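Presented below is the structure to which this report refers.
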Amino acid sequence: FILVIGGLGYIGSHTSLELLKAGHNVIIVDDLSNSFYSVFTRIRKLAEIHCGETDSFMPMLHFHKVDYRSKSMRFLLESYSDFVATTPSSPRSSPGLKRQVRIAGVIHFAAYKSVSDSIAKPIQYYRNNVCGLVELVELLGKHNIRNFVFSSSATVYGTKADEGRPLKEEDLVHHPESYIDDNGQEQVRMPIVTGLLSPYARTKYFCEAILADIALSDPAWRIVALRYFNPIGCDPSGVLGEDPKGVPTNLFPVLTQVLTGQRKELDILGTDWDTRDGTAIRDFIHVSDLARGHIAALNTNITEPFRAFNLGTGNGTTVQEAVDSLQEASGQTIPVNMAPRRAGDVGMCVAANQRAVKELGWTATESMKQCARDLWNFVS
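Residue numbers for the sequence shown follow full-length UniProt numbering, so the first one is 1 and each next one is one higher.
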């Protein structure tokens with residue numbers, strides 16, 4: 001099994017689906033505080049359709065409504081420590097074979113993620129994102145589950161993002177790290193953090209640092225931190241997308257509300273950045289590409305107990321260009337309001353993704369136009 005914590009959220013749901021498509025048995029844990037149970041039924045339906053089209057058996061898919069910080073999490077892990085499943089071992093084997101299965105890896109998505117909300121409610125963010133992670137990792141270690149993929153963020157680079165170049169993983173390390181520079185020379189990067197702009201960014205930085213320290217202390221751990229850039233889009237089916245319970249703050253969920261009449265207009269936050277049209281530049285990545293990056297992270301043989309990877313396209317798109325793409329896909333005009341910059345934002349944030357391409361064998365394949373088409377397919 002792969003345990004997906006926060007598996008009914010936007011990125012978690014798409015990752016759960018891609019795991020099932022790849023043949024992994026999946027356990028989803030979600031407390032439904034910002035998601036809906038109907039997402040689980042959609043994941044299962046899409047996976048069943050895929051298995052029917054590919055003539056393959058449907059992997060096991062379990063759901064548990066659990067707060068991962070609660071005592072129930074310990075009982076859940078114990079229940080899977082000696083879990084025996086009746087399942088075919090391959091598409092051509094006879095059904096009814098019994099075998100013991102275990103949790104082979106964990107992907108941790110469950111975290112609060114709003115920059116503006118974190119500025120207003122920092123204690124909640126530190127309690128949930130940081131304290132919750134410490135308790136979770138301690139519990140996993142007690143159950144000998146040490147293959148861990150962490151949902152991190154490009155916000156850990158802080159004001160490094162404003163240097164006008166793609167961000168490399170060695171721009172933020174937690175212990176001295178050797179790397180090859182642009183001239184082919186070996187260099188050693190020392191730990192340093194620059195200009196973290198929000199409590200949310202600091203929680204992600206602290207979590208990475210904690211995980212790096214744990215991995216250094218015990219090499220039995222295998223920990224990958226995936227630094228997301230800006231996930232957008234939806235599964236091409238139009239069945240699965242971003243559907244939070246709370247008030248969205250990210251660009252594309254807000255755009256969705258404008259298109260569906262739930263909002264009057266889109267606030268473009270900052271039009272005086274030093275960019276080609278004055279709006280901020282972001283590295284928008286299709287959520288299905290991002291989801292497949294998690295599978296690559298689970299499957300890779302990293303040489304260090306802790307390794308960080310950027311998940312981005314390596315291409316920058318302005319916010320205005322993103323709006324234009326969705327207008328083209330939908331055939332609708334999106335009313336906008338040119339608003340001041342938001343606290344905690346940077347003008348440019350683009351990934352250097354060579355490490356993920358080389359070490360994970362992963363690359364983003366979907367274009368900005370495809371992201372917009374898939375989002376409109378979900379909305380309409």
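Note that the Cβ used here is the ideal one computed from N, Cα and C, for glycine as well. These numbers were taken from a predicted model, which means no experiment stands behind them.
Per DSSP, A104 has no beta bridge partner at all. Annotation for H143: L77 place their beta carbon closer than 6 Å to its own, counting only its chain and skipping 5 residues before and after. Y228: member of the beta strand (DSSP E) spanning 222 to 228, first to last residue.
Annotation for L17: the continuous alpha helix (DSSP H) segment containing it runs 10 to 21. Rounded to the nearest angstrom, the gap between the Cα atoms of K369 and Y80 is 42 Å. Annotation for T300: L360 place their beta carbon closer than 6 Å to its own, counting only its chain and skipping 5 residues before and after. A direct Cα-to-Cα measurement between L19 and T365 gives close to 18 Å.
Counting only runs of 4 or more residues that sit fully inside the segment 264 to 321, the alpha helix (DSSP H) segments are 287 to 299, in chain order. By DSSP's assignment, P166 forms no beta bridge with any residue. Annotation: the continuous alpha helix (DSSP H) that includes E208 extends over 199 to 217.
When the Cα atoms are used, V188 and K113 turn out to be separated by approximately 32 Å. Ranked by Cα distance from E186, the options P176, G195, T194, V193 are led by P176. In this model, G316 and G9 are separated by some 25 Å (Cα to Cα). Distances from the CA of N128 to each of L172, I119, Y68 were compared; the closest alpha carbon is that of Y68. For L61, the enclosing beta strand (DSSP E) has its first and last residue at 61 to 65. Note on the segment 329 to 357: whole beta strand (DSSP E) runs with a minimum of 3 residues are 336 to 339, in chain order.
In this structure, F40 sits near I28, with a CB-CB distance shorter than 8 Å. Of the candidates N25, V149, T249, L139, V149 places its Cα closest to the Cα of L298. Straight-line measurement puts the Cα of E169 at about 23 Å from the Cα of T15.
With contacts defined as CB atoms closer than 8 Å, A225 and E208 qualify as a contacting pair. The continuous alpha helix (DSSP H) containing Q124 extends over residues 122 to 125.
Nearest to L46 by alpha-carbon distance, out of P219, E321, S13, T271, is S13. Per DSSP, the unbroken beta strand (DSSP E) holding F150 starts and ends at 147 to 153. Spatial neighbours of F206 in its own chain (CB-CB distance under 6 Å, excluding positions within 5 residues in sequence) are listed in chain order as V130. Per DSSP, the unbroken alpha helix (DSSP H) holding S79 starts and ends at 72 to 79.
Relative to the Cα of M73, the nearest Cα in the group V137, L211, L216 belongs to V137. In the structure shown, V173 falls within a coil segment according to DSSP collapsed to helix, strand and coil.
Across the structure, G6 and Y157 are spaced so that their CA atoms are roughly 24 Å apart.
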